[in-house]
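Residue numbers (the numbering used here): 281 to 366.
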């Protein structure tokens, strides 16, 4: 739901990532790299990062890049791409 704020959208994406990793026989502890794109980095980094820090596996932190980018939808605040081992 793109009507949510940065924390809500980040939480939705991370929940979906959990689901997709489980379907692939993996989980967040096996994420190797994450790329996070924010519509407005200055405004949204702290909110996104708070949700990310609560979710990410502390014992196996992935390499992460956080960038600012444009999105096709005006309500999209964040996109996240991950690569994980099986």
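Glycine included, every Cβ here is placed at the ideal spot set by N, Cα and C. Keep in mind the model is a prediction, meaning the values are calculated, not measured.
Next item on the list: Scan the segment 322 to 358 and note each continuous beta strand (DSSP E) run of 3 residues or more that stays entirely inside, going in chain order.
Entry: For the segment 322 to 358, whole beta strand (DSSP E) runs of length 3 or above, ordered along the chain, are 343 to 348.
Notebook entry, point to check: Which class does residue 289 belong to by DSSP, given the choice of helix, strand or coil?
Noted result: Taking the chain shown and counting its residues from 1, the one referred to as residue 289 is at position 9. DSSP places residue 289 within a helical segment (H, G or I) once states are collapsed to three.
Notebook entry, point to check: Residue range of the beta strand (DSSP E) that residue 284 falls in?
Noted result: Translated into positions along the chain shown, residue 284 becomes position 4. It is not in any beta strand (DSSP E) - residue 284 carries neither H nor E in the DSSP assignment.
Next item on the list: Give me whichever residues DSSP pairs with residue 304 in a beta bridge.
Entry: Locating residue 304 in the chain shown gives position 24, where the first residue counts as 1. According to DSSP, residue 304 shares a beta bridge with no other residue.
Next item on the list: Would you mind giving the Cβ-Cβ distance between residue 282 and residue 349, rounded to the nearest angstrom? I have them listed as a contact below 8 Å.
Entry: By one-based count along the chain shown, residue 282 stands at place 2. By one-based count along the chain shown, residue 349 stands at place 69. 15 Å between Cβ atoms; not a contact.
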